[in-house]
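Asks: Residue numbers in the sequence shown follow this note's numbering, run continuously in steps of one, and reach 131 at the last position. Backbone N, C-alpha and C fix where the C-beta goes; we use that ideal spot for every residue, glycine too. Remember, predicted model here, so these are calculated numbers, not experimental data.
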Amino acid sequence: MDAFLARPLTARIATVGPTVRPVWFLWEEGAFWTLTGPWSRLQRHVLADPRVALVVDECDLTSGLVRQVIARGRAELLPFDVPRGRRKLSRYLGPDEGRWDARFIRYLHEDPERSGARWLRLRPERLTAQDLSFQAEPGPEVEGSPA
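1. Look at the alpha carbon of Ala15 and the alpha carbon of Arg68, and state the distance between them as a whole number of angstroms.
2. From the DSSP output, in three-state form, read off Arg83 for me.
3. Look at Arg58 and Arg35 and say whether their C-beta atoms are less than 8 Å apart.
4. Between which two residues does the alpha helix (DSSP H) carrying Glu12 extend?
5. To the nearest angstrom, how far is the alpha carbon of Leu10 from that of Ala101?
6. Is it buried or exposed for Val30, if we count other Cβ within 10 angstroms and need 16 for buried?
7. Is it right to say Ala55 is buried, meaning 16 or more other beta carbons lie within 10 angstroms of its own, or is it exposed?
8. Counting along the chain, where does the alpha helix (DSSP H) carrying Ala(-13) start and finish?
9. Could you round the C-beta distance between Leu104 and Thr(-6) to whole angstroms and report it? I think they count as a contact, below 8 Å.
10. Got a sec? Which residues, its chain only, sit under 6 Å from Thr112 by beta carbon, not counting five neighbours each side?
11. Can you list, in chain order, the residues of its chain with a C-beta nearer than 6 Å to that of Phe118? Leave out the 5 residues immediately preceding and following it.
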């Protein structure tokens, strides 16, 4: 599971409401870490009710690879720290910060008190990992597909 969660996959997090949104995450110290702040409704939803669910999955119908991790629990908002932010962003954008979009670099260099950047940390109360993979069979040709 740790190797799966170390990949730069997109998670979807759901808050009470329900509201579901895609997020980049970091899996460290037995918790999911995602960036939030006043620019996102995610922070407001968690302040109102910290119960969340999060899913990370992949589904490749060509190979038959289907895996998922589902986490549920109470999220907490914590101060943003640059080293963790750099690890998270490098995982998705690569190690060369010079190639990153300016908005991502800002997270690392702006004062988090001024920007309002916070970590949302989910230490799962329930965590389920499943491998639902199957043996992929060559499918019928689809009209218009290359032969």
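Replies: In brief:
1. What you label residue 15 is simply residue 31 of the sequence shown in a count that begins at 1. What you label residue 68 is simply residue 84 of the sequence shown in a count that begins at 1. Going from the Cα of Ala15 to the Cα of Arg68 covers about 13 Å.
2. Counting from one through the sequence shown, the residue named residue 83 turns up at place 99. Three-state result, Arg83: helix.
3. Within the sequence shown, numbered from 1, the residue matching residue 58 stands at position 74. Within the sequence shown, numbered from 1, the residue matching residue 35 stands at position 51. Yes, Cβ-Cβ distance for Arg58 and Arg35 is below 8 Å.
4. Within the sequence shown, the letter at position 28 stands for residue 12. Taken as a continuous stretch (DSSP letters only), Glu12 belongs to no alpha helix (DSSP H), being part of the beta strand (DSSP E) at Leu10 to Glu12.
5. The sequence position of residue 10 within the sequence shown is 26, counting from 1. The sequence position of residue 101 within the sequence shown is 117, counting from 1. One C-alpha to the other measures close to 16 Å.
6. Locating residue 30 in the sequence shown gives position 46, counting from the first residue. Classification for Val30: buried.
7. Start at 1 with the first residue of the sequence shown, and residue 55 comes out as number 71. Buried, since its Cβ has 16 or more Cβ neighbours within 10 Å.
8. What you label residue -13 is simply residue 3 of the sequence shown in a count that begins at 1. Its alpha helix (DSSP H) spans residues Asp(-14) to Leu(-11).
9. Here residue 104 is taken as the residue at index 120 of the sequence shown, counted from 1. Here residue -6 is taken as the residue at index 10 of the sequence shown, counted from 1. That belief does not hold up - the Cβ atoms of Leu104 and Thr(-6) are roughly 15 Å apart, past 8 Å.
10. The residue labelled residue 112 in the question sits at position 128 within the sequence shown. Within its own chain, the residues whose Cβ lies closer than 6 Å to the Cβ of Thr112, once the five positions on either side in sequence are excluded, are Ile54, listed in chain order.
11. Indexing the sequence shown from 1 puts residue 118 at position 134. Cβ within range, chain order: Gly48.
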